[in-house]
């Protein structure tokens, strides 16, 4: 999935815009402006633009990342999407509704030579391959649970590595990540037989000192999604994993019968799982989302966790991820610039 | 996926018919006859019938299980499929080509009120649910590798349990199994996020003494497919697992970089994985495909394996699976009839 950038962020009258916010936070250079309906409470602090202004400013895709209230695509949104096609833009959609399944829209896009990028609905075939060991270095963020900062951590690592002059690329596996990277594969929407193959395709052989920073999904401890996680672990063939967790959780998501695993159990489970395709796979650091803790409590928890696991422990938002990249520089040393 | 039975087995001029053979072997009562083109080398030892005769004999679906030479659907096959629809039959297809994607065929089926059952292409949505512990008993066949007898073993267990008067149902997770059971879910073709949910849907809560015998897929040691296997393990919530293996294999399928695991490693890995959704999950027996060994070597291997693992060890084809059902009767005892 490769989406032309830069974007005009379409907010319409959506109640939330987590995806647009993620793109705005991580790739402001890819956002020429925002398009809101009158009365919208959302603000990405970008220039207000109509479609013509956005095209003039270089926008190549209308990014429809936010879900409308109610979930269905309202006629008012359809009109803007159609007009964007007329003006020569592609549509980058994270909606559950598949734009390619709307015959009138598909016909219009085909006729104009434009594309509807339904990033939640991958359509490619992924070659199974032989899962031989690939050159280059790979880091996968893994989780105790869903929604604990795996994308944020991978992006923070990319930024930190690039600032140090390392060759590093974020590899997106979910819709927000795909919009940020301009490409990627929504692995949880891939046919199950092809998840490992998709992850391998996403992080191909590369220069010996190049790092892929692969966005993790789900958790090996999640009763519904652990299979997706395992496929991603095997296909990514990670040299290094960073374990992400939210210390305030007690259950796996809303699954009352499933308690949060200990971090120790996570390290053991991920290293055991990853060994199948990379015998050297190690958890090299911990990333905690401490946003619900005070500054003092957070610092204390990070220190205690680092001590208990003998691993660098960070909160990307509070401390940055430098300590983890320092550790990688020590372990994978000479290869870096 | 629910397919009307009985079937007319369509062999056409296919070179092989593993699926049809499986249905013929396990459910001869569901096969009213076979339809072959002149010169076909295949023979299911069923009455030769044309479509009209099959309908008169009660056939409700034309089963197109075999792949044509070359993979694409030849015009001669299309003609028979269309005529079967005209005569009031559904089509049960295991082809990679999705019959529902052929507009003329789909239109004809819709117009006649018939269904095209593309069993390789599940279309249902599966509710994620809460993965609470379900009543009833579940046995999942698991494998050291793909294609080592997981379906055959599950069907053998169903037959043995039913002969003893137990309440037992085979639950199909692959195309041949679905034709045999008349229903099921092709889990390796489900969107990855829904594999566990599909497995849970397939083996719902039941009477306390009822056994679901769930057909396993893949292997936790397979670099491409372990995620599917893990999702199936978690969703099935098995009380018992039977480990299936082919003792003559040295690698995982054709994956030269991946050696066959030991049976001990398999037991450990499957019990560890299954514990997430069923803490009592145990491997209760081993099923070896010894078809490439002499009678004497097979008997020796089964005895040595049983001794080493302290588990009943069978070859369903040579010895039947009685020893495993005996063990289940001991362990889950009083509940059985």
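Protein chains in written order, with our numbering: chain A, 19 to 355; chain B, 19 to 355.
Where a beta carbon is used, it is the ideal one built from N, C-alpha and C, also for glycine.
State buried or exposed for residue i, treating a residue as buried only when at least 16 other CB atoms are found within 10 Å of its CB.
i                      : result
residue 355 of chain A : Low per-residue confidence applies at residue 355 of chain A: pLDDT is 42, beneath 50, and the placement is therefore not dependable enough to give any value.
residue 133 of chain A : buried
residue 348 of chain A : exposed
residue 131 of chain A : exposed
residue 254 of chain A : buried
residue 313 of chain A : exposed
residue 79 of chain A  : buried
residue 167 of chain A : buried
residue 268 of chain B : exposed
residue 197 of chain B : buried
residue 257 of chain A : buried
residue 352 of chain B : Note that residue 352 of chain B scores a pLDDT of 46, beneath 50, so its modelled location is shaky and nothing firm can be said.
residue 141 of chain B : exposed
residue 221 of chain A : buried
residue 119 of chain A : exposed
residue 88 of chain B  : exposed
Which chain A residues sit within Cβ distance under 7 Å of residue i?
i                      : result
residue 9 of chain B   : The structure shown has nothing for residue 9 of chain B, since chain B only spans 19 to 355.
residue 359 of chain B : With chain B running from 19 to 355 in the structure shown, residue 359 of chain B is simply not present.
residue 301 of chain B : By Cβ distance, chain A contributes nothing, its closest Cβ being about 18 Å from residue 301 of chain B, past 7 Å.
residue 40 of chain B  : Going along chain A, no residue has its Cβ under 7 Å from residue 40 of chain B, so there is no contact; the nearest lies around 20 Å.
residue 234 of chain B : Here the premise fails: no neighbours, minimum Cβ distance about 13 Å.
What residues of chain B sit near residue i, judged by a beta carbon separation below 7 Å?
i                      : result
residue 196 of chain A : Ordered by position in chain B, no residue passes the 7 Å Cβ test against residue 196 of chain A, which lies about 16 Å from the chain.
Rounded to the nearest angstrom, what separates residue i and residue j at their Cα positions?
i                      : j                      : result
residue 200 of chain B : residue 85 of chain B  : 19 Å
residue 62 of chain B  : residue 54 of chain B  : 10 Å
residue 266 of chain B : residue 277 of chain B : 12 Å
residue 210 of chain A : residue 297 of chain B : 25 Å
residue 195 of chain B : residue 189 of chain B : 8 Å
residue 147 of chain B : residue 321 of chain B : 43 Å
residue 90 of chain B  : residue 273 of chain B : 27 Å
residue 244 of chain B : residue 262 of chain B : 15 Å
residue 74 of chain B  : residue 323 of chain B : 51 Å
residue 325 of chain A : residue 218 of chain B : 40 Å
residue 311 of chain B : residue 21 of chain A  : 55 Å
residue 304 of chain B : residue 332 of chain B : 6 Å
residue 340 of chain A : residue 315 of chain A : 20 Å
residue 128 of chain A : residue 280 of chain A : 51 Å
residue 23 of chain A  : residue 77 of chain A  : 7 Å
residue 234 of chain B : residue 152 of chain A : 30 Å
residue 208 of chain A : residue 336 of chain B : 40 Å
residue 232 of chain A : residue 183 of chain A : 19 Å
residue 138 of chain A : residue 202 of chain A : 11 Å
residue 144 of chain A : residue 205 of chain A : 11 Å
residue 121 of chain B : residue 117 of chain A : 20 Å
residue 94 of chain B  : residue 180 of chain B : 41 Å
residue 45 of chain B  : residue 38 of chain B  : 10 Å
residue 327 of chain B : residue 126 of chain B : 56 Å
residue 158 of chain A : residue 250 of chain A : 9 Å
residue 36 of chain A  : residue 98 of chain A  : 20 Å
residue 275 of chain B : residue 114 of chain A : 39 Å
Just confirm the distance between the C-beta atoms of residue i and residue j, as a whole number of angstroms; I'd bet it's less than 8 Å.
i                      : j                      : result
residue 101 of chain A : residue 69 of chain A  : 6 Å
residue 187 of chain A : residue 176 of chain A : 7 Å
residue 27 of chain B  : residue 49 of chain B  : 6 Å
residue 51 of chain B  : residue 83 of chain B  : Contact doesn't hold; Cβ gap of about 14 Å is too wide.
residue 345 of chain B : residue 334 of chain B : Rounded, the Cβ-Cβ distance is 15 Å, inconsistent with contact.
residue 57 of chain B  : residue 161 of chain B : Their Cβ separation, rounded to whole angstroms, is 37 Å, which puts residue 57 of chain B and residue 161 of chain B out of contact at 8 Å.
residue 154 of chain B : residue 215 of chain B : Not a contact, Cβ separation roughly 18 Å.
residue 285 of chain B : residue 171 of chain B : About 16 Å separates the two Cβ atoms, so there is no contact after all.
Give me the chain B residues within the contact set of residue i, using Cβ-Cβ distance strictly less than 8 Å, ordered along the chain.
i                      : result
residue 211 of chain A : 206, 207, 242, 243, 246
residue 252 of chain A : 241, 242, 244, 245
residue 275 of chain A : 148, 149, 150, 151
residue 295 of chain A : 241
residue 131 of chain A : The contacting residues do not exist; residue 131 of chain A stays about 24 Å from chain B at best.
residue 351 of chain A : Within 8 Å Cβ-Cβ: nothing; residue 351 of chain A doesn't reach chain B, min ~27 Å.
residue 192 of chain A : Within 8 Å Cβ-Cβ: nothing; residue 192 of chain A doesn't reach chain B, min ~11 Å.
Taking residue i as the query, report the chain A residues whose CB atoms sit under 8 Å from its CB, ordered along the chain.
i                      : result
residue 115 of chain B : In chain order: nothing, as chain A lies at least about 14 Å away.
residue 298 of chain B : Near residue 298 of chain B there are no residues of chain A at all, since even the closest Cβ is about 14 Å away, more than 8 Å.
residue 154 of chain B : The premise fails here: residue 154 of chain B is roughly 17 Å from chain A at the closest Cβ pair, so nothing lies under 8 Å.
Name the chain A residues whose beta carbon is nearer than 9 Å to that of residue i?
i                      : result
residue 88 of chain B  : Here the premise fails: no neighbours, minimum Cβ distance about 19 Å.
residue 183 of chain B : The premise fails here: residue 183 of chain B is roughly 33 Å from chain A at the closest Cβ pair, so nothing lies under 9 Å.
Entirely within the stretch 261-312 of chain B and at least 4 residues each: give me those alpha helix (DSSP H) ranges in chain order.
281-292
3-residue-minimum beta strand (DSSP E) runs that sit fully inside the stretch 95-141 of chain B, ordered along the chain
108-111, 134-136
At 3 residues or longer, and completely inside the stretch 23-86 of chain A: list those beta strand (DSSP E) runs for me, N to C.
25-30, 49-54, 79-82
Sequence ranges, alpha helix (DSSP H) only - wholly within the stretch 329-353 of chain A, length at least 4:
334-337, 340-349
Within the stretch 184-259 of chain A, note down every full alpha helix (DSSP H) run reaching 4 residues or more, in order along the chain.
193-199, 213-220, 244-254
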